[in-house]
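Peer 1: Can you keep this structure in mind? I'll have questions shortly.
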Amino acid sequence: MTQINYWDFQASALLPRLPVLKPWLLELRLSWDQRFFDPIELPSGRKPVTLRDTELYITKLPKADHDAHEWQAAMEALPLVAELGGPTMFARIGVMRGSGTLVATSTQATF
Numbered sequence: 017m018t019q020i021n022y023w024d025f026q027a028s029a030l031l032p033r034l035p036v037l038k039p040w041l042l043e044l045r046l047s048w049d050q051r052f053f054d055p056i057e058l059p060s061g062r063k064p065v066t067l068r069d070t071e072l073y074i075t076k077l078p079k080a081d082h083d084a085h086e087w088q089a090a091m092e093a094l095p096l097v098a099e100l101g102g103p104t105m106f107a108r109i110g111v112m113r114g115s116g117t118l119v120a121t122s123t124q125a126t127f
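Counting in this note's numbering, the sequence shown runs from 17 upward without gaps.
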């Protein structure tokens, strides 16, 4: 009977090969200056174009509005998009929910 030495076993042989991320590629893609595909029209008439514009808009809101759950969710989504490369649609939806411009539509057919 042969013994398997734990230290000789290479667990990396079982793991799938992951692509190596190049740091310069991340610097190009991940930024607070990312633009939304479509600018968001806010009730105040402003149209923040980048994630940084949106962050500044939210931080300048009155405290009562800033502390609302919708705006807090938007503020949590912004760094995920800017720093971790999430889709800008997450931040867009958060801002639209916070500003009240996101309207839910019913998909039920009426007969």
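The beta-carbon is built from N, C-alpha and C at its ideal position, and this holds for glycine as well.
Check whether the segment 81-89 touches the segment 47-62, taking contact to mean three or more Cβ pairs, one atom from each stretch, closer than 8 Å.
Peer 2: no
Peer 1: With a threshold of 7 Å on Cβ separation, who are the neighbours of Arg68 within its own chain once the five nearest residues in sequence on each side are excluded?
Peer 2: Position 52 of the sequence shown, counting from 1, holds the residue named residue 68. Counting only Cβ-Cβ distances below 7 Å, and skipping sequence neighbours, we find Trp48 and Asp49.
Peer 1: Distance check for Lys79 and Thr104, CA to CA, integer angstroms please.
Peer 2: Position 88 of the sequence shown, counted from the start, is the residue given in the question as residue 104. Position 63 of the sequence shown, counted from the start, is the residue given in the question as residue 79. Approximately 25 Å, taken between the alpha carbons.
Peer 1: Name the DSSP bridge partner or partners of Arg51?
Peer 2: For this step, residue 51 is matched to residue 35 along the sequence shown. Arg51 pairs with Thr66.
Peer 1: Is there a C-beta anywhere in chain C that falls below 8 Å from the one on Glu71?
Peer 2: Here there is only one protein chain, and chain C is not present.
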